[in-house]
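J.: All the letters of the sequence shown, read from the start, carry residue numbers -10 to 35 under this note's numbering. All residues carry an ideal CB built from backbone N, CA and C; glycine is no exception. I have a structure here, written as structure tokens, and I will follow up with some questions on it.
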Amino acid sequence: DKAVARAKEAGCYKIVLTCDKRLEGEHKFYRSLGFEASAHGFRLYF
-10 DKAVARAKEA GCYKIVLTCD KRLEGEHKFY RSLGFEASAH GFRLYF
């Protein structure tokens, strides 16, 4: 809550975060705070 309030006070219009796709508990937590899933990430290891 403090991070969201601080971002709003600073004039930010969104917060973007990343979370491992396997961490469903964390996804549920972020959704409970009002976050929406909005993207897929890709990596290339070599």
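#1: In whole angstroms, what separates the C-alpha of D9 from that of C1?
#2: Starting from R(-5), follow the alpha helix (DSSP H) in both directions and report where the run begins and ends.
#3: Per DSSP, what kind of secondary structure is F15 in: helix, strand or coil?
#4: To the nearest angstrom, report how far apart A(-8) and H29 are at their CA atoms.
T.: Once the coordinates are examined:
#1: Going by the C-alpha atoms only, they are around 24 angstroms apart.
#2: Taken as a continuous stretch (DSSP letters only), the alpha helix (DSSP H) holding R(-5) covers -9 to -2.
#3: Checking the sequence shown, residue 15 turns out to be Glu, not Phe. Three-state result, E15: helix.
#4: For the pair A(-8) and H29, the Cα-to-Cα distance works out to about 23 angstroms.
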